[in-house]
Every structure is written in C-alpha cells, then in structure tokens.
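Q: Protein chains in written order, with my numbering: chain H, -19 to 221; chain P, 3 to 221.
#1: Which of the three DSSP states, helix, strand or coil, is assigned to residue 8 of chain H?
#2: Measuring only the C-alpha atoms, how far is residue 86 of chain P from residue 72 of chain P?
#3: If we call anything under 8 Å between Cβ atoms a contact, is residue 9 of chain H one with residue -18 of chain H?
#4: Please report how far the alpha carbon of residue 166 of chain H lies from the alpha carbon of residue 29 of chain H, in whole angstroms.
#5: For residue 30 of chain P, which residues of its own chain have a beta-carbon under 7 Å away from its beta-carbon, when the five flanking residues on both sides are left out?
#6: With a 10 Å radius around its C-beta and 16 neighbouring C-beta atoms as the bar for buried, classify residue 3 of chain P as buried or exposed.
#7: Could you tell me which whole beta strand (DSSP E) segments of length 3 or greater appear in the region 110 to 177 of chain P?
#8: Tell me the rounded alpha-carbon separation between residue 49 of chain P and residue 102 of chain P.
#9: Would you list the residues sitting across from residue -6 of chain H in a DSSP beta bridge?
#10: Anything in the region 99 to 128 of chain P with a Cβ closer than 8 Å to a Cβ of chain H? List those residues in chain order, please.
#11: Does the distance from the C-beta atom of residue 126 of chain H to that of residue 11 of chain H stay below 8 Å?
#12: Quick one: what's got a C-beta closer than 7 Å to residue 241 of chain H's C-beta in the same chain, skipping five residues either side?
#13: Ignoring anything shorter than 4 residues or poking outside the region 101 to 160 of chain H, list the alpha helix (DSSP H) runs there in chain order.
#14: Could you pull the DSSP bridge partners for residue 51 of chain P from this structure?
#15: So with CB distances below 8 Å, who are the chain P contacts of residue 30 of chain H?
#16: Is the distance from the Cβ of residue 146 of chain P to the Cβ of residue 217 of chain P below 8 Å?
#17: Mapping the DSSP letters down to three states, classify residue 97 of chain P as helix, strand or coil.
#18: Answer yes if the region 14 to 22 of chain P comes into contact with the region 165 to 180 of chain P, meaning at least three C-beta pairs across the two stretches below 8 Å, and no otherwise.
#19: Residues in the region 127 to 151 of chain P with C-beta within 7 Å of chain H's C-beta atoms, listed in sequence order?
#20: Can you find a CB in chain P that lies within less than 8 Å of the CB of residue 183 of chain H?
#21: Any Cβ of chain P within less than 8 Å of the Cβ of residue 69 of chain H?
#22: Just how far apart, CA to CA, sit residue 195 of chain H and residue 41 of chain P?
#23: Can you say whether residue 26 of chain H is buried or exposed, counting buried as having 16 or more other CB atoms within 10 angstroms of its CB?
#24: Closer than 9 Å by beta-carbon distance: list the chain P residues that pair up with residue 63 of chain H, in chain order.
#25: Expressed to the nearest angstrom, what Euclidean distance is found between the alpha-carbon atoms of residue 23 of chain P and residue 37 of chain P?
#26: Where residue 129 of chain H and residue 140 of chain P are concerned, what is the direct C-alpha to C-alpha distance, given to the nearest angstrom?
#27: Just to confirm before moving on: does the CB-CB distance between residue 66 of chain H and residue 122 of chain H stay below 8 Å?
#28: Between residue 63 of chain H and the rest of its own chain, which residues show a CB-CB distance below 6 Å, the 5 nearest in sequence each way excluded?
#29: Check residue 185 of chain H in the structure and name its three-state DSSP category.
#30: For residue 81 of chain H, go through chain P and note every residue whose CB falls closer than 8 Å to its CB, in chain order.
#31: Taking the runs of the alpha helix (DSSP H) that are 4 residues or longer, which of them lie wholly in the region 19 to 89 of chain H?
#32: Taking contact to mean 3 or more Cβ pairs, one atom from each stretch, closer than 8 Å, check whether the region 112 to 128 of chain P and the region 65 to 85 of chain H are in contact.
#33: Answer yes or no: does any C-beta atom of chain P fall closer than 8 Å to that of residue 124 of chain H?
#34: Can you grab the Cα-Cα spacing for the pair residue 189 of chain H / residue 93 of chain H, in whole Å?
#35: Measure the C-alpha to C-alpha separation of residue 80 of chain P and residue 69 of chain P and round it to an integer number of angstroms.
#36: For residue 20 of chain H, return the contacting residues in chain P, with the cut-off set at a CB-CB distance below 9 Å.
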C-alpha cells in the first residue's frame, strides 16, 4: 500500500531523514514512535508530499512520488491526513469543512457530499454540531471533525501526525476511540504518536525512529516487552514510567 | 473673519461637478489599483529572488517617492509618449492606480501570509490544487484581515486624488481653489472642499466598519 524506498530529506544542512525504507501493507496499522526531532513527523509528511524530499521514492496505491513528480494531487486524493493542530477551516461550518474538498475536487453534488458528511459526522459522534463553526468546538471535537473531513475524500490510507498531542488529557480518549474504530474497520493507517498505550493496543507494527533512521520495528508486544535497540530501551524507560 | 456664504452658493454647482470627478477618479483608482495590487502581491510572493526583485523594486519605488512627483512624471513625462495630448484625468487615474497598487499589494501580501501555513497544508492534503486552496481556504480568511487596512488605503486614495488639481484636472480641489483667484479669499472654497472630502471619507469609514462587523460573525 505504501512503499517507502531510501528516503533522504534535509533541512538546509541538517539531514533529518537518512535513508528510510518502510512498507505498509493494506489494512495494516503502523505506529511510528521516537523522541522529538527524530524525523517521524517529517517522514509522515513526505508520504503525502507535503514535505519535499531529496532522494528516494515513495509509492502509494500505485502512484509514485519522487522529488520531481507532478501527480501530487492524485496522490493526496488517496491519502487522508490528520494534523496535530487540526487545521479546520475557521470560516466554514463543520459540514462545509467536510464537503468542501468532495465538492471541489471529486466534483460531488452538494446534496451527495452533505449526506455523506452527515453519515461521517454520525460516525465520529458529532452529527448535532454540523452547522456550528469550528471555534465553538472543543479540541477533541475539532480533531474528530478533522478525521471526518479527511475520510470524506474516501482515502485508501490515513496518516495521523500526533493527533492527540495538542489535546487536553480528558479529550484524548474520544479521538483515540474514533481512530481505533477506523482501524477495526480495516483502514490502512500510519500514525505518529506519543500514546504508548494506544500503540500497544491498536498497532499491528511499531516503528521506532531516532536520528533520521528506523532503529527498530516489531509487533507491539515484543517491542514493548523486549526492545533490542539501546536507544529504544532508553526511550521506553523514559515514557513508560 | 466673515464667511461669505454667497460665494459658496455661487460656486456650489462647480464644487458638485468637482466632487463627481473626484469620486470617479477615486473609484477607478480603487478598482484598477486593487486588481493591479493583487497581481503585484503574487509577484512579491514568488520564491525565486531574481523573479521577485522587479516586483519589490516596483513597490519600493512607489512607496518611497512622493506621489506628487509620480503624478508629474506620469503626466508630463510618460503620458506624452503614449498619447498625443495628455489628459489630466487619465494621468490622475493612472498615477492613483500605480501608487495605490503598490500599497494594496503589501496589504494583500501581508493578509495572505498571515494565514497559518497549516490551512494551505490541510487544503492540499485534501487534494486541492494551489489555486483551489488559495480561493476556497486562504483568500476568504485573508480578506477579512485586509478590510481595515484596505479601508485606510481607500480613504488615503480619495484624499490623494486632490493632487490632480496640480495638473489641472477639474476635480474637487481644483474648484475649491477657484474662489481664491477670483476673490482673493481662501476660506469659502477651501473649507467647502474640505467639508466635501470629509463627508465622502466619513461615509466610507462607516461602510468599512459595517463590512468589518458583518464579516466577524464566524470568529
């Protein structure tokens, strides 16, 4: 589903990704963890070409992204993205946030897009909020709308970039519940997160990154119980108190 | 000081003619200046420094030289190269367009760049192309922030249109100065002109405030 081949990325002289190779299979949930600055968010952003990379190749659903490719919009239609800071469109109501891209990009009729949007809002438990503006929602509600907005494009893959890091603790659960639901329905997902409990419970595979390379990858039980890599051990001892 | 209302009444039809021309010059200046300014703004946002340079130079030239100098250069220098008999009204409109375009470009640029990059990224990640992201996501939010500075710029432009009296365009100040010549009296004509400018600009201020409040609803 996602094939990442030897990706290199620099910010100026600072090389943040130093040759990443990773395959994500259909219906697989891959959780990427690691200390901040390890390059995990950058890797995720490369997958839907929000970040330009300097070397290597990414293939998603048969569409290849190389440093020079032009088919970025085709790729992004198949890849949904959820951001740490939600990035809802503040000038549009909840339902207009969700229907904008289906109407403009997929050329759905307004009616069709709205009925789908309402179904998605029911799925994330926010149907009654359809006509309010994002500013009146809580963080957890905003993120659930953002997930519904991404799903409205009927993506084949969903990327989550620290989806709960900007939330108050009591709102983390509602967002993780929606994501877990999605995973159980068979969505292919790549998730950057600091929620170890969630990683353990929902991930099919855990990737540990540090200093721009993948240091270790394994199924969650093995990774959390018996990490092999020294850095992974040090990281886990700090986050799993 | 005695104020001779009879002079005001005598000149009133001319003041009204002048006001009409002032409004016309200003309105066309605002319309052409906005379109021109938007183009310059996109030029100022080009990433490549070499391609951006002429746009920056343009903006700086018009912001850092007096408008009166620009008006004289255009009327006596540039326009004779284009038309056989330069027309003061056209010269005034051209100058206002070029000058306000530079200021408006900066307002547009600042407004667009003030919108969080995450908004564009969210739009792009949903498959929108750059133009769609600009049109449906960035511009609607940016315009709201541009309204107050644009209102200021429109008011400045109306007042600056009075410079056209120097090249004898028959606008409001041109007639406002006329009684000085005939009667050697400064007050009646100049105060009448000042009063009319004030009414026009106050009206515009009220309109801009209303628009600003209406657009605030969803914040």
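Here a beta-carbon is modelled for each residue, glycine too, at the ideal position from N, C-alpha and C.
A: Result, derived from the coordinates:
#1: Residue numbering aside, residue 8 of chain H sits at position 28 when the first chain is read from its first letter. Correct three-state label for residue 8 of chain H: coil.
#2: Here residue 86 of chain P is taken as the residue at index 84 of the second chain, counted from 1. Here residue 72 of chain P is taken as the residue at index 70 of the second chain, counted from 1. Straight-line spacing of the CA atoms in residue 86 of chain P and residue 72 of chain P works out to 20 Å.
#3: For the purposes of this step, residue 9 of chain H is identified with residue 29 of the first chain, where counting begins at 1. For the purposes of this step, residue -18 of chain H is identified with residue 2 of the first chain, where counting begins at 1. Cβ distance not < 8 Å, so residue 9 of chain H and residue -18 of chain H don't count as in contact.
#4: Here residue 166 of chain H refers to the residue found at position 186 when the first chain is read from its first residue. Here residue 29 of chain H refers to the residue found at position 49 when the first chain is read from its first residue. Between residue 166 of chain H and residue 29 of chain H, the C-alpha separation is close to 24 Å.
#5: By one-based count along the second chain, residue 30 of chain P stands at place 28. Cβ within range, chain order: 95.
#6: Along the second chain, read from residue 1 onward, the residue named residue 3 of chain P stands at position 1. Exposed: under 16 other Cβ atoms inside 10 Å.
#7: Annotation note: the region 110 to 177 of chain P contains no uninterrupted beta strand (DSSP E) run of length 3 or greater.
#8: Mapped onto the second chain, residue 49 of chain P falls at position 47. Mapped onto the second chain, residue 102 of chain P falls at position 100. One C-alpha to the other measures close to 24 Å.
#9: As a first step, residue -6 of chain H must be located in the first chain, where it is residue number 14. Per the DSSP secondary-structure output, residue -6 of chain H pairs in a beta bridge with H:-9.
#10: Against chain H - using a Cβ distance shorter than 8 Å - the residues of the region 99 to 128 of chain P are 118, 120, 121, 123, 124, 125, 126, 127 and 128.
#11: On the first chain, residue 126 of chain H is found 146 positions in, with the first residue counted as 1. On the first chain, residue 11 of chain H is found 31 positions in, with the first residue counted as 1. For residue 126 of chain H and residue 11 of chain H, no; Cβs fall outside 8 Å.
#12: Shown here, chain H extends from -19 to 221; a query on residue 241 of chain H therefore has no answer.
#13: Within the region 101 to 160 of chain H, the runs of alpha helix (DSSP H) at least 4 residues long that lie entirely inside it are, in chain order, 119 to 131.
#14: Residue 51 of chain P sits at position 49 when you count from the first residue of the second chain. The partner list for residue 51 of chain P (beta bridge, DSSP) is empty, contrary to what the question assumes.
#15: On the first chain, residue 30 of chain H is found 50 positions in, with the first residue counted as 1. Within 8 Å Cβ-Cβ: 123, 126 and 127.
#16: Looking up residue 146 of chain P in the second chain gives position 144. Looking up residue 217 of chain P in the second chain gives position 215. In this structure, residue 146 of chain P places its C-beta atom within 8 Å of the C-beta atom of residue 217 of chain P.
#17: Mapped onto the second chain, residue 97 of chain P falls at position 95. Correct three-state label for residue 97 of chain P: helix.
#18: Because the criterion of three Cβ pairs below 8 Å is met, the region 165 to 180 of chain P and the region 14 to 22 of chain P touch.
#19: Per Cβ criterion, the list reads 127, 128, 129, 130, 131, 134, 138, 139, 142 and 143.
#20: Locating residue 183 of chain H in the first chain gives position 203, counting from the first residue. It does not; no Cβ of chain P falls within 8 Å.
#21: Start at 1 with the first residue of the first chain, and residue 69 of chain H comes out as number 89. So, interface residue.
#22: The residue given as residue 195 of chain H occupies position 215 in the first chain. The residue given as residue 41 of chain P occupies position 39 in the second chain. The C-alpha of residue 41 of chain P is placed about 49 Å away from the C-alpha of residue 195 of chain H.
#23: As a first step, residue 26 of chain H must be located in the first chain, where it is residue number 46. Around the beta carbon of residue 26 of chain H, a 10 Å sphere encloses 16 or more other beta carbons of the protein chains shown; the residue is thus reported as buried.
#24: Start at 1 with the first residue of the first chain, and residue 63 of chain H comes out as number 83. Neighbours of residue 63 of chain H across chain P, judged by C-beta separation under 9 Å: 120, 123, 124 and 127.
#25: Translated into the one-based positions of the second chain, residue 23 of chain P becomes position 21. Translated into the one-based positions of the second chain, residue 37 of chain P becomes position 35. So the two alpha carbons sit approximately 21 Å from each other.
#26: As a first step, residue 129 of chain H is located in the first chain; it is residue number 149 there, counting from the start. As a first step, residue 140 of chain P is located in the second chain; it is residue number 138 there, counting from the start. Roughly 17 Å between the two C-alpha positions.
#27: Mapped onto the first chain, residue 66 of chain H falls at position 86. Mapped onto the first chain, residue 122 of chain H falls at position 142. The Cβ-Cβ distance between residue 66 of chain H and residue 122 of chain H falls below 8 Å.
#28: Taking the first residue of the first chain as 1, we reach residue 63 of chain H at position 83. Closer than 6 Å at the Cβ level, and outside the excluded window around residue 63 of chain H, lie 141.
#29: Start at 1 with the first residue of the first chain, and residue 185 of chain H comes out as number 205. If DSSP states are grouped into helix, strand and coil, residue 185 of chain H belongs with the strands.
#30: For the purposes of this step, residue 81 of chain H is identified with residue 101 of the first chain, where counting begins at 1. Taking a Cβ-Cβ cut-off of 8 Å, the neighbours of residue 81 of chain H in chain P comprise 125, 128, 129 and 130, given in sequence order.
#31: Complete alpha helix (DSSP H) runs here, min 4: 20 to 27, 52 to 58 and 74 to 84.
#32: Yes, they touch.
#33: Residue numbering aside, residue 124 of chain H sits at position 144 when the first chain is read from its first letter. For residue 124 of chain H, no Cβ of chain P is located within less than 8 Å of the residue's own Cβ.
#34: Taking the first chain and counting its residues from 1, the one referred to as residue 189 of chain H is at position 209. Taking the first chain and counting its residues from 1, the one referred to as residue 93 of chain H is at position 113. The alpha-carbon atoms of residue 189 of chain H and residue 93 of chain H are separated by roughly 39 Å.
#35: Numbered from 1 along the second chain, position 78 holds the residue referred to as residue 80 of chain P. Numbered from 1 along the second chain, position 67 holds the residue referred to as residue 69 of chain P. So the two alpha carbons sit approximately 15 Å from each other.
#36: Locating residue 20 of chain H in the first chain gives position 40, counting from the first residue. Residues of chain P whose Cβ lies closer than 9 Å to the Cβ of residue 20 of chain H do not exist; the shortest such Cβ separation is about 17 Å.
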